[in-house]
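The numbering used here applies: residue -14 is where the sequence shown begins, and numbers increase by one.
One structure is given below, encoded as structure tokens.
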Amino acid sequence: MFDIDRVRSQFSSLSQGFVFLDAPGGTQVPDSVGAAVAQNFREASGNIGFPYETSQRIGALVDEARERSSALLGCSAEEIVFGANMTSLNFMMSRTIGRDLSPGDEILVTRLDHDANVAPWLELAHDRDLIVREVDIHDDTTLDMEDLERLLGPKTKVVAFPLASNAVGTTVDAAQVVALAHAAGALAWVDAVQYAPHFPIDVRALDADVLLCSSYKFCGPHLGIAYGRRELLESWRPYKARPVGNDPVGHRFETGTLPYELLAALVATYDYLEGIGGIAEVAAWERELGERLLSGLPEGATLFGSPTMDHRVPTFLVNFEGVSSDDLSVALAKEGFGVWSGDNYYALGLYDRMAWGSALRIGLAHYNSLEEIDRFNDALAALVKNGVGRRS
Ligand SMILES: Cc1ncc(COP(=O)(O)O)c(C=O)c1O
-14 MFDIDRVRSQ
-4 FSSLSQGFVF
6 LDAPGGTQVP
16 DSVGAAVAQN
26 FREASGNIGF
36 PYETSQRIGA
46 LVDEARERSS
56 ALLGCSAEEI
66 VFGANMTSLN
76 FMMSRTIGRD
86 LSPGDEILVT
96 RLDHDANVAP
106 WLELAHDRDL
116 IVREVDIHDD
126 TTLDMEDLER
136 LLGPKTKVVA
146 FPLASNAVGT
156 TVDAAQVVAL
166 AHAAGALAWV
176 DAVQYAPHFP
186 IDVRALDADV
196 LLCSSYKFCG
206 PHLGIAYGRR
216 ELLESWRPYK
226 ARPVGNDPVG
236 HRFETGTLPY
246 ELLAALVATY
256 DYLEGIGGIA
266 EVAAWERELG
276 ERLLSGLPEG
286 ATLFGSPTMD
296 HRVPTFLVNF
306 EGVSSDDLSV
316 ALAKEGFGVW
326 SGDNYYALGL
336 YDRMAWGSAL
346 RIGLAHYNSL
356 EEIDRFNDAL
366 AALVKNGVGR
376 RS
């Protein structure tokens, strides 16, 4: 059984009564992860590659961070690339593959994507005369596979898609997308930012060519992590300073000095996650949390996306007809609940299609308790009942 009290006791930020329901924006961080940053500055400042002990420690740390990240994603350590965040990594990697593309080549993105998996392709298309097409969704926000099949063609070079939507939580049948992309001779380019905190990932089982995630979404530091299939990374010409070595191959794509203190934090994050039973345990607990939230949503709530815990992560987009979500989110903050009210949530294609205006995003993490969910549902119901945010 998931020991939620033991989990929560590891976070100072959770001991103050505030209920964080903003995980898709960024999770809380256990104290051990913060402590690892300070320890690294104390014990391993400087840079890699020198013969003295502190420098050797940095080298060992980078190796460990790569090794542990490869265990998270199911690849080998040399296929890991670290970067400032997912967006920066995606711009870098799309620019890099862009060197091998020709005018008229096509990239597919989807309406479920966060713009961090769309804008890099649009900018590349602008500079290299490529064509970007957007795969549609059904009204229930699931990906329209027939539209994907329709859009795939001999000129498609990349199919970029998310494993889970950051706005509505909808997951994608990745195996099907990857199979279709590969059958058409295109690469499968996967945004796993909103999936990695909630479900285990295995890039080999997925047969992904590139996969990106961001550790501040799973209780870690602000750091991007990418996987690139080895043959691809070997075949690409990196944008790198000339003296940078080629071994491990992922390192060729890491521009400049890595943030060693954040890599130390990342290793501590993996220790934390393993200590609570790993992501598979998290998934089971979050399903329970999500079911609790769904069953207690106040009357009159419109939920965008799956009405059950099937085919989704525990991120819920909700609004109420005639009620300002912004006002609700401010009132909720005053009562001790952190939820975001927003319009497009960086998911521009989805926003155009679903036209929710503005809505509350309630994003659960494994450190939330059932008691927090009950309190939140009660507080939201009371605010709506009392007419908070009601437009006359
Ligand atoms: C699905 C998705 N992809 C990409 C990103 C961008 O991640 P980063 O902030 O690491 O650039 C986000 C950020 O919220 C996201 O939710």
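We put the beta carbon where it would ideally sit given N, CA and C, even for glycine.
Q.
For aspartate 48, tell me which candidate among Pro36, Val66 and Tyr37 has the shortest Cα-Cα distance.
A. Along the sequence shown, read from residue 1 onward, the residue named residue 48 stands at position 63. Nearest option by C-alpha distance: Val66.
Q) So is the beta-carbon of glutamine 13 under 8 angstroms away from any non-hydrogen atom of ligand 1? A) As a first step, residue 13 must be located in the sequence shown, where it is residue number 28. Glutamine 13 Cβ: outside cutoff for every heavy atom of ligand 1.
Q: List the endpoints of the continuous beta strand (DSSP E) containing alanine 286.
A: Counted from its first residue, the sequence shown places residue 286 at position 301. Its beta strand (DSSP E) spans residues 286 to 289.
Q) Out of curiosity, what's the CA-to-CA distance linking leucine 251 and glycine 205? A) For the purposes of this step, residue 251 is taken as residue 266 along the sequence shown, with counting starting at 1. For the purposes of this step, residue 205 is taken as residue 220 along the sequence shown, with counting starting at 1. About 6 angstroms.
**Q.** Per-residue DSSP class, three states only, for proline 147
**A.** Taking the first residue of the sequence shown as 1, we reach residue 147 at position 162. Strand.
Q: Using only alpha-carbon positions, find the residue among Ser309, Val229 and Val144 that is nearest to leucine 368.
A: Residue numbering aside, residue 368 sits at position 383 when the sequence shown is read from its first letter. Ranking Ser309, Val229 and Val144 by Cα distance to leucine 368 puts Ser309 first.
Q | Run of the beta strand (DSSP E) containing leucine 345, from where it starts to where it stops | A | As a working mapping, residue 345 is identified with position 360 in the sequence shown. It spans 344 to 348 - the beta strand (DSSP E) in which leucine 345 sits, taken as one unbroken run.
Q.
To the nearest angstrom, how far is the alpha carbon of proline 182 from that of glutamine 1?
A. If you number the sequence shown from 1, residue 182 lands on position 197. If you number the sequence shown from 1, residue 1 lands on position 16. Near 23 angstroms, if we compare the C-alpha coordinates of glutamine 1 and proline 182.
Q: Tell me whether tyrosine 331 counts as near ligand 1, meaning its Cβ is closer than 8 angstroms to at least one heavy atom of that ligand.
A: Your numbering for residue 331 matches position 346 in the sequence shown. Within the cutoff, so yes.
Q. Are the stretch 354 to 367 and the stretch 332 to 344 in contact at 8 angstroms, needing three or more beta carbon pairs?
A. no
Q. Would a C-beta distance cut-off of 9 angstroms place leucine 243 and methionine 78 closer than the cut-off?
A. The count along the sequence shown starts at 1 and reaches residue 243 at position 258. The count along the sequence shown starts at 1 and reaches residue 78 at position 93. In this structure, methionine 78 does not lie closer than 9 angstroms to leucine 243 by Cβ.
Q | Start-to-end residues for the beta strand (DSSP E) that takes in threonine 95 | A | Sequence index remark: in the sequence shown, residue 95 carries index 110 (1-based). From DSSP, the beta strand (DSSP E) with threonine 95 extends over 91 to 95.
**Q.** Straight-line Cα distance separating valine 144 from glutamine 161
**A.** Residue mapping note: residue 161 aligns to position 176 of the sequence shown, counting from 1. Residue mapping note: residue 144 aligns to position 159 of the sequence shown, counting from 1. Straight-line Cα distance between these residues: approximately 12 angstroms.
Q | DSSP-derived helix/strand/coil call for threonine 186 | A | Within the sequence shown, numbered from 1, the residue matching residue 186 stands at position 201. Before going on, a small fix: residue 186 reads as isoleucine here, not threonine. Coil, per DSSP.
Q) Taking the C-alpha atoms as reference points, what is the distance between leucine 137 and tryptophan 174? A) Translated into positions along the sequence shown, residue 137 becomes position 152. Translated into positions along the sequence shown, residue 174 becomes position 189. Their backbone Cα atoms lie some 14 angstroms apart in a straight line.
**Q.** Nearest to arginine 215 (by Cα), restricted to the options Lys202, Tyr224 and Pro233
**A.** As a first step, residue 215 is located in the sequence shown; it is residue number 230 there, counting from the start. Comparing Cα-Cα distances from arginine 215 to each of Lys202, Tyr224 and Pro233, the minimum goes to Pro233.
Q: Using 8 angstroms as the cut-off, classify the Cβ of lysine 370 as near or not near the heavy atoms of ligand 1, replying yes or no.
A: Position 385 of the sequence shown, counted from the start, is the residue given in the question as residue 370. Result no, Cβ not under 8 angstroms from ligand 1.
Q) Name the DSSP beta bridge partners of cysteine 60, please? A) Position 75 of the sequence shown, counting from 1, holds the residue named residue 60. Per DSSP, none; premise fails for cysteine 60.
Q: Assuming valine 378 and leucine 128 form a contact by the criterion Cβ under 8 angstroms, report the distance between their Cβ atoms to the nearest whole angstrom.
A: With the chain running from -14 to 377 in the structure shown, residue 378 is simply not present.
Q. With C-beta atoms as the reference, is leucine 335 less than 9 angstroms away from threonine 300?
A. For this step, residue 335 is matched to residue 350 along the sequence shown. For this step, residue 300 is matched to residue 315 along the sequence shown. No, they are not a contact pair.
Q: Report back the beta-carbon spacing between serine 17 and aspartate 256 to the nearest angstrom; my notes put them in contact at under 8 angstroms.
A: Within the sequence shown, residue 17 is the residue found at index 32, counting from 1. Within the sequence shown, residue 256 is the residue found at index 271, counting from 1. With 8 angstroms as the limit, serine 17 and aspartate 256 qualify as a contact, their Cβ atoms being about 7 angstroms apart.
Q | aspartate 337 classed as buried or exposed, judged by whether at least 16 other C-beta atoms fall within 10 angstroms | A | By 1-based counting over the sequence shown, the position of residue 337 is 352. The residue in question, aspartate 337, is exposed, as its Cβ has fewer than 16 Cβ neighbours within 10 Å.
Q: Indicate the three-state DSSP secondary structure (helix, strand or coil) for tyrosine 212 in the structure shown.
A: Against the sequence shown, residue 212 aligns to sequence position 227. Three-state DSSP puts tyrosine 212 in a strand.
Q. Between alanine 62 and valine 298, which are expected to be in contact by the criterion C-beta below 8 angstroms, what is the C-beta distance as a whole number of angstroms?
A. Translated into the one-based positions of the sequence shown, residue 62 becomes position 77. Translated into the one-based positions of the sequence shown, residue 298 becomes position 313. Actually they are not in contact, since the Cβ atoms of alanine 62 and valine 298 sit about 27 angstroms apart, beyond 8 angstroms.
Q: Would you mind listing the alpha helix (DSSP H) stretches within the stretch 310 to 345 that are 4+ residues and don't spill past its ends, in chain order?
A: 310 to 319 and 333 to 339
Q) Within this structure, are the beta carbons of glutamate 64 and leucine 208 separated by less than 9 angstroms? A) Sequence index remark: in the sequence shown, residue 64 carries index 79 (1-based). Sequence index remark: in the sequence shown, residue 208 carries index 223 (1-based). For glutamate 64 and leucine 208, no; Cβs fall outside 9 angstroms.
Q: State yes or no: is the C-beta of alanine 211 within less than 9 angstroms of the C-beta of methionine 71?
A: Numbered from 1 along the sequence shown, position 226 holds the residue referred to as residue 211. Numbered from 1 along the sequence shown, position 86 holds the residue referred to as residue 71. Going by C-beta atoms, alanine 211 is nearer than 9 angstroms to methionine 71.
**Q.** Own chain residues within Cβ distance below 7 angstroms of methionine 130, not counting five before or after
**A.** Along the sequence shown, one-based indexing puts residue 130 at 145. These residues qualify, in order along the chain: Gln161.
**Q.** Backbone CA spacing between glycine 170 and leucine 355 [nearest angstrom]
**A.** In the sequence shown, residue 170 corresponds to position 185, counting from 1. In the sequence shown, residue 355 corresponds to position 370, counting from 1. Roughly 46 angstroms between the two C-alpha positions.
Q | contact_flag[the stretch 185 to 197, the stretch 261 to 275] where n(CB pairs < 8 angstroms) is 3 or more | A | yes
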